[in-house]
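A.B. asks: To start, I am sharing the structure in question, which I have written as structure tokens.
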Amino acid sequence: MGNTKRTLDDLAIFGGVPAFDEKLHVGRPNIGDRRRLLERFEDILDRRWLTNDGPYVQEFEDQVANIVGVRHCVATCNATVGLEIAIRALGLSGEVIVPSMTFIATAHALQWSGITPVFCDIDPETHNMDPAKVESLITPLTTGIVGVHLWGRPCEIDKLQEISTRHNVALVFDAAHAFGCSSGKRMIGNFGDAEVFSFHATKFLNAFEGGAIVTNDDDLAPKLRLMKNFGFSGYDEVSYLGTNGKMNETSAAMGITSLESLEDIVAVNRTNYEQYKESLDRVPGVSILHYADTNRNNYQYVVLEVNETLTGISRDELISILWAENVMARRYFYPGCHRMEPYRSLYPQAGLALRETERLVERVLLLPTGTTITPSDASTISGVIEAAVSRGCGVQQRLAGLATAAAEGSGSGWEA
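This note's numbering numbers the first residue of the sequence shown as 6 and each following residue consecutively.
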């Protein structure tokens with residue numbers, strides 16, 4: 006950990022010593038008990054049962070279902086394939102309403118399945134899909150709604166469920182951020198027709214790569230199981246259209262090991278979050294996203310909104326400053342799915358109805374947390390942000406000067 010930033014020259018971007026010797030990343034994997042993980046790997050190798058619903062996959066599914074409180078958990082190789090399977094098992098077609106403020110996989114899962122994603126704007130306070138906007142997007146072609154529990158904070162579930170029921174369309178939740186979270190006393194995973202978790206390496210609880218579809222629908226669950234294994238219903242009998250969506254045994258072993266450290270990881274995340282909040286609440290123009298005490302939270306993400314009018318520097322300028330300090334802050338989910346391919350070509354006017362999404366993607370910044378970060382690190386990172394914002398105008402002028410010098414240097418080099 007490095008020095009206190011008292012002047013502009015102390016900032017690494019202007020020649021100062023970086024606050025950290027090594028890069029601190031958003032989403033750096035949490036490992037859990039390495040000894041227990043290696044013991045499980047040895048057991049897998051001894052059994053020579055590496056995939057095809059082995060004992061570790063079955064145990065992982067049972068544990069996830071128990072934690073969430075659902076009847077069925079179907080582990081998958083990743084959450085994207087999990088979404089694709091859930092979408093197909095529910096018979097979705099035509100148009101499905103989805104936020105643009107999400108990871109691109111949410112939209113891709115629909116487009117990949119031949120479904121038109123209809124992008125819906127968000128509530129600027131919750132960052133989740135605005136139910137009032139959902140209502141206005143329903144047409145005779147609509148067959149479903151995919152809500153996203155962004156940052157692990159639940160959607161307005163009751164309102165979306167009421168709209169879904171009234172219009173007789175399916176309701177699926179992308180719960181990639183929300184394992185271990187709740188809406189009031191009910192755990193995420195119990196809502197809609199199905200919910201899909203991610204256990205990717207960057208998630209607070211990971212299985213290297215992995216996902217899971219959870220549901221309380223006794224008719225849907227058998228379809229999900231068939232579809233994730235090529236449609237096999239017996240040794241040599243295929244009775245349903247399927248794909249290869251299986252989780253392997255090593256991923257399941259990592260998932261089980263991660264589950265053993267679940268509460269410890271959440272506690273670390275919360276401690277880091279509270280340190281960030283205490284330090285950043287006093288910085289003008291920088292708003293840290295709050296988590297409701299009425300819900301269980303995994304505190305997986307430390308999310309800031311940067312208001313350039315008050316900070317004197319933009320979100321992207323602040324990211325450049327942090328990167329120079331070896332703090333690899335990220336902008337999520339810039340620039341919005343509707344501005345990525347193939348959607349920006351297919352639906353070039355989509356942004357006209359996504360005013361809040363387009364505003365938010367220019368302001369959001371995520372900071373490192375997890376078991377590789379300490380509260381002291383969080384305090385130091387916050388100090389860099391405070392130092393930059395407190396000298397916002399001067400920082401912006403110096404950055405403009407650097408950009409001009411770089412452009413001139415590039416130009417002279419080209420001419421030479």
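The beta-carbon is built from N, C-alpha and C at its ideal position, and this holds for glycine as well.
Using CA atoms only, rank isn't needed, just tell me which of His-182, Thr-147 and Glu-130 is closest to Val-1.
C.D. replies: Summary: the structure shown does not reach residue 1, with the chain confined to residues 6 through 421, and so no result is reported for it.
A.B. asks: Is Leu-370 buried or exposed, if buried means 16 or more other CB atoms sit within 10 Å of its CB?
C.D. replies: Along the sequence shown, one-based indexing puts residue 370 at 365. Leu-370 is buried by the Cβ-count criterion.
A.B. asks: How many Å lie between Ala-421 and Ala-411 at the Cα?
C.D. replies: Taking the first residue of the sequence shown as 1, we reach residue 421 at position 416. Taking the first residue of the sequence shown as 1, we reach residue 411 at position 406. A caution first: Ala-421 carries a pLDDT of 34, below 50, which makes its placement in the model unreliable, though a value can still be read off. Each residue's alpha carbon lies about 15 Å from the other.
A.B. asks: With a floor of 4 residues, list each alpha helix (DSSP H) that falls wholly inside the region 334 to 394, ordered by position along the chain.
C.D. replies: List check, alpha helix (DSSP H) in window: 348 to 351 and 360 to 365.
A.B. asks: Any idea if Ser-105 is buried or exposed, counting beta-carbon neighbours within 10 angstroms, 16 or more meaning buried?
C.D. replies: As a working mapping, residue 105 is identified with position 100 in the sequence shown. The residue in question, Ser-105, is buried, as its Cβ has 16 or more Cβ neighbours within 10 Å.
A.B. asks: Measuring alpha carbon to alpha carbon, tell me which of Leu-359, Glu-330 and Arg-335 ends up nearest Cys-342.
C.D. replies: Numbered from its first residue, the sequence shown carries residue 342 at position 337. Of Leu-359, Glu-330 and Arg-335, the residue nearest in Cα terms is Leu-359.
A.B. asks: Where do the N-terminal and C-terminal ends of the alpha helix (DSSP H) with Val-62 fall, by residue?
C.D. replies: Here residue 62 refers to the residue found at position 57 of the sequence shown. Unbroken alpha helix (DSSP H) run through Val-62: 60 to 73.
A.B. asks: Could you pull the start and end residues of the alpha helix (DSSP H) that Ser-141 belongs to?
C.D. replies: Position 136 of the sequence shown, counting from 1, holds the residue named residue 141. Start and end: 136 to 142.
A.B. asks: Do Phe-46 and Ile-261 have their C-beta atoms closer together than 8 Å?
C.D. replies: Looking up residue 46 in the sequence shown gives position 41. Looking up residue 261 in the sequence shown gives position 256. Taking 8 Å as the Cβ cut-off, Phe-46 and Ile-261 do not qualify as a contacting pair.
A.B. asks: Would you mind working out which of Gly-20, Asp-26, Ala-94 and Arg-41 sits nearest Leu-246, comparing C-alpha positions?
C.D. replies: What you label residue 246 is simply residue 241 of the sequence shown in a count that begins at 1. Leu-246 has its Cα closest to that of Ala-94, out of Gly-20, Asp-26, Ala-94 and Arg-41.
A.B. asks: When you compare only the Cα positions, how much space is there between Phe-213 and Leu-43?
C.D. replies: Walking along the sequence shown from the start, residue 213 turns up at place 208. Walking along the sequence shown from the start, residue 43 turns up at place 38. Going by the C-alpha atoms only, they are around 14 Å apart.
A.B. asks: Short check: CB of Asp-179 to CB of Thr-107, under 8 Å?
C.D. replies: Along the sequence shown, read from residue 1 onward, the residue named residue 179 stands at position 174. Along the sequence shown, read from residue 1 onward, the residue named residue 107 stands at position 102. For Asp-179 and Thr-107, yes; Cβs fall inside 8 Å.
A.B. asks: Would you tell me roughly how many angstroms separate the C-alpha atoms of Gly-20 and Glu-413, rounded to the nearest one?
C.D. replies: The residue you call residue 20 lines up with position 15 of the sequence shown. The residue you call residue 413 lines up with position 408 of the sequence shown. Each residue's Cα considered, the two are about 20 Å apart.
A.B. asks: Thinking Arg-40 and Glu-265 are a contact (beta carbons under 8 Å), I'd like their distance in whole angstroms, please.
C.D. replies: Residue 40 sits at position 35 when you count from the first residue of the sequence shown. Residue 265 sits at position 260 when you count from the first residue of the sequence shown. Contact doesn't hold; Cβ gap of about 11 Å is too wide.
A.B. asks: Following the continuous beta strand (DSSP E) through Leu-176, name the residue where it begins and the one where it ends.
C.D. replies: As a position in the sequence shown, residue 176 is number 171, starting the count at 1. Note, Leu-176: beta strand (DSSP E), 175 to 179.
A.B. asks: On a CA-only basis, which of Ser-256, Pro-122, Tyr-61 and Gly-406 is nearest Leu-97? Give me that one, please.
C.D. replies: For the purposes of this step, residue 97 is identified with residue 92 of the sequence shown, where counting begins at 1. Residue Pro-122 is the option with its Cα nearest to Leu-97.
A.B. asks: Just list the residues that DSSP pairs Gly-260 with in beta bridges.
C.D. replies: Walking along the sequence shown from the start, residue 260 turns up at place 255. Gly-260 is not bridged to any residue.
A.B. asks: Assuming Ile-72 and Thr-81 form a contact by the criterion Cβ under 8 Å, report the distance between their Cβ atoms to the nearest whole angstrom.
C.D. replies: Mapped onto the sequence shown, residue 72 falls at position 67. Mapped onto the sequence shown, residue 81 falls at position 76. Their Cβ separation, rounded to whole angstroms, is 17 Å, which puts Ile-72 and Thr-81 out of contact at 8 Å.
A.B. asks: So which of Ile-326, Ser-319 and Arg-33 has the shortest CA-CA distance to Arg-368?
C.D. replies: Indexing the sequence shown from 1 puts residue 368 at position 363. Of the listed residues, the one whose Cα sits closest to Arg-368 is Ser-319.
A.B. asks: Using only alpha-carbon positions, find the residue among Leu-146, Cys-186 and Val-177 that is nearest to Leu-1.
C.D. replies: A question about residue 1 goes unanswered here, because the residues of the chain that appear run from 6 up to 421.
A.B. asks: Might you give, ordered along the chain, the residues of its own chain that have their beta carbon closer than 6 Å to the beta carbon of Tyr-61, omitting 5 neighbours on each side?
C.D. replies: Start at 1 with the first residue of the sequence shown, and residue 61 comes out as number 56. Within the same chain, Tyr-61 has close Cβ partners Glu-254, Ala-257 and Ala-258.
A.B. asks: Do the region 162 to 174 and the region 131 to 150 make contact, defined as three or more Cβ pairs closer than 8 Å?
C.D. replies: As far as the Cβ criterion goes, the region 162 to 174 touches the region 131 to 150, which means the pair count is three or higher.
A.B. asks: In chain order, what residues of the same chain lie with their CB nearer than 6 Å to the CB of Ile-378, ignoring the 5 residues before and after it?
C.D. replies: Locating residue 378 in the sequence shown gives position 373, where the first residue counts as 1. These residues qualify, in order along the chain: Asn-277.
A.B. asks: Going by CA-CA distance only, name the one from Lys-10, Phe-25 and Glu-200 that's closest to Pro-373.
C.D. replies: Walking along the sequence shown from the start, residue 373 turns up at place 368. When each option's Cα is compared against that of Pro-373, the closest is Phe-25.
A.B. asks: Am I right that Gly-356 and Arg-344 are in contact with their C-beta atoms under 8 Å? What's the rounded C-beta distance?
C.D. replies: Mapped onto the sequence shown, residue 356 falls at position 351. Mapped onto the sequence shown, residue 344 falls at position 339. Confirmed, Cβ separation roughly 7 Å.
A.B. asks: How would you label Pro-159, buried or exposed, when you count the other beta carbons within 10 angstroms and need 16 or more for buried?
C.D. replies: As a working mapping, residue 159 is identified with position 154 in the sequence shown. The residue in question, Pro-159, is buried, as its Cβ has 16 or more Cβ neighbours within 10 Å.
A.B. asks: So, is Asp-198 buried or exposed, given that buried needs 16 or more other C-beta atoms within 10 angstroms?
C.D. replies: Here residue 198 is taken as the residue at index 193 of the sequence shown, counted from 1. Answer is buried; the Cβ neighbour count reaches 16.
A.B. asks: Determine the extent of the alpha helix (DSSP H) in which Glu-44 is found, giving its start and end residues.
C.D. replies: Taking the sequence shown and counting its residues from 1, one reaches residue 44 at position 39. 39 to 52 is the extent of the alpha helix (DSSP H) around Glu-44.
A.B. asks: Across which residues does DSSP place Val-79 in a beta bridge pair?
C.D. replies: The residue you call residue 79 lines up with position 74 of the sequence shown. Answer by DSSP bridge pairing, in chain order: Ile-218.
A.B. asks: From Asn-57, Thr-207, Ile-36 and Leu-16, pick the residue whose C-alpha is nearest to that of Phe-235; which is it?
C.D. replies: Locating residue 235 in the sequence shown gives position 230, counting from the first residue. Considering only alpha carbons, the answer is Asn-57.
A.B. asks: Mapping the DSSP letters down to three states, classify Gly-7 as helix, strand or coil.
C.D. replies: Here residue 7 refers to the residue found at position 2 when the sequence shown is read from its first residue. Note that Gly-7 scores 47 on pLDDT, short of 50, meaning its location in the model is unreliable; the coordinates nonetheless yield the value given after this. Three-state result, Gly-7: coil.
A.B. asks: With distances taken between CB atoms, is the gap from Glu-330 to Ala-17 smaller than 8 Å?
C.D. replies: For the purposes of this step, residue 330 is taken as the residue at position 325 of the sequence shown. For the purposes of this step, residue 17 is taken as the residue at position 12 of the sequence shown. Cβ atoms of Glu-330 and Ala-17: closer than 8 Å.
A.B. asks: Looking only at C-alpha atoms, which of Gly-185, Pro-129 and Val-151 sits nearest to Ala-272?
C.D. replies: As a first step, residue 272 is located in the sequence shown; it is residue number 267 there, counting from the start. It is Gly-185.
A.B. asks: So, using beta-carbon positions, are Asn-303 and Gly-216 closer together than 8 Å?
C.D. replies: Along the sequence shown, one-based indexing puts residue 303 at 298. Along the sequence shown, one-based indexing puts residue 216 at 211. No, the Cβ-Cβ distance between Asn-303 and Gly-216 is not below 8 Å.
A.B. asks: Would you list the residues sitting across from His-30 in a DSSP beta bridge?
C.D. replies: For the purposes of this step, residue 30 is identified with residue 25 of the sequence shown, where counting begins at 1. Met-333.
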